[in-house]
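Shown next, in the form of structure tokens:
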């Protein structure tokens with residue numbers, strides 16, 4: 019879908035309000051997965067003692083806290099007030115601020131590094147966001163971003179998109195038109211957008227592992243409490259249609275059954291750039 023077909027303001031407001039709604043459950047259910055990107059992101063950004071670091075789409079602030087333990091002088095920013103409130107609660111000694119990645123409230127050359135864990139696919143204007151990253155970085159400053167591999171490899175998301183697509187379900191009244199969720203699953207597209215913003219691509223790291231879950235019930239609850247678009251589509255359906263999705267998810271998930279429940283394949287990339 020082209021940018022001209024997307025109501026960018028409506029999509030941004032949707033992302034803000036939905037992340038507000040999911041802040042607590044996202045942290046409780048999904049952090050065990052997303053936290054696996056923290057160390058690769060900090061390495062890719064060359065974060066060390068004294069680094070002036072901006073963590074964009076900071077969420078509950080876990081990456082920012084880890085960076086601070088490394089001696090970085092870190093600021094976390096997020097569009098969702100509930101995420102910022104949670105970050106303040108969990109890490110009261112750190113600097114967290116509410117704000118848009120598309121209009122960062124910082125002067126040029128304010129940071130040595132910018133990181134964003136799983137944020138780029140949620141931005142309504144990713145090219146604008148990366149231009150902002152370049153603006154607030156010092157010359158030769160580093161950016162590091164993570165995003166999911168395609169649905170066929172990153173199955174914790176892919177199972178649900180597969181089920182919804184197979185059943186032909188949508189929620190046009192609840193889910194505004196937005197950028198393709200798997201746009202940055204293509205490493206060439208990921209790198210191209212970085213280059214367009216003026217960055218030299220400094221490396222792409224591929225991470226994959228299996229995430230254990232006790233049951234399909236746990237997988238279902240994780241998705242409804244963590245996945246912005248999936249939870250919105252499912253929540254907009256009748257109880258009967260929701261049950262159809264639940265049955266389809268269970269059918270697909272059985273291929274990952276193990277002696278102790280499920281082993282769900284996870285895959286994502288971390289891309290680094292130099293301004």
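Numbering (my numbering), first residue to last: 19 to 293.
Every residue gets a Cβ at the ideal spot worked out from N, C-alpha and C, and that includes glycine.
In this text, all values refer to a predicted model and were calculated from it rather than measured experimentally.
Beta-bridge analysis with DSSP links residue 227 to 284. Remark: C-beta atoms of residue 270 and residue 180 approach each other more closely than 7 Å. DSSP, reduced to helix, strand and coil, places residue 258 within a helical segment of the structure shown. Nearest to residue 118 by C-alpha distance, out of 262, 94 and 165, is 94. C-alpha of residue 246 to C-alpha of residue 166: approximately 14 Å in a straight line.
Closest in C-alpha terms to residue 227, from the list 197, 284, 256 and 252, comes 284. Counting only residues of its own chain and dropping the five nearest sequence neighbours on each side, residue 68 has a CB closer than 8 Å to the CB of 89, 90 and 91. Bridge pairing for residue 129: 155 [DSSP]. The three-state reading of DSSP puts residue 89 in coil, since its state is none of H, G, I, E or B. Remark: three or more beta-carbon pairs, one from each stretch, lie closer than 8 Å, so the segment 129 to 142 and the segment 70 to 77 are flagged as touching. Residue 43 and residue 164 have their alpha carbons spaced roughly 21 Å apart.
With a 10 Å radius around the Cβ and a threshold of 16 neighbouring Cβ atoms, residue 172 comes out buried. For residue 275, DSSP records a beta bridge to 280. The three-state secondary structure of residue 291, taken from DSSP, is strand. The alpha-carbon of residue 176 is positioned some 16 Å away from that of residue 225. Look at residue 66 here: in three-state DSSP terms it is coil, with no helix or strand label. Residue 120 sits in coil when the DSSP states are folded into three classes, being neither helix nor strand. The alpha carbon of residue 286 has as its nearest neighbour, out of 156, 25 and 58, the alpha carbon of 58.
Burial check for residue 37: the Cβ neighbour count within 10 Å reaches 16 or more, so the residue is buried. Taking all protein chains shown into account, residue 266 has 16 or more neighbouring C-beta atoms within 10 Å of its C-beta and is therefore buried. Of the candidates 250, 222 and 185, the residue whose Cα lies closest to the Cα of residue 195 is 250.
About 18 Å separates the Cβ atoms of residue 213 and residue 63, ruling out a contact at the 8 Å cut-off. The alpha carbon of residue 168 has as its nearest neighbour, out of 70, 204 and 291, the alpha carbon of 204. Here residue 276 is exposed: its Cβ has fewer than 16 other Cβ atoms, across all protein chains shown, within 10 Å.
DSSP lists 287 as the bridge partner or partners of residue 165. For the segment 180 to 242, the continuous alpha helix (DSSP H) assignments of 4+ residues that do not extend past its boundaries occur at 205 to 214, in sequence order. For residue 34, the number of other beta carbons within 10 angstroms of its own is at least 16, and it is reported as buried.
Residue 148 and residue 215 have their alpha carbons spaced roughly 6 Å apart. For the set 236, 259 and 211, the Cα lying nearest the Cα of residue 174 is the one of 236.
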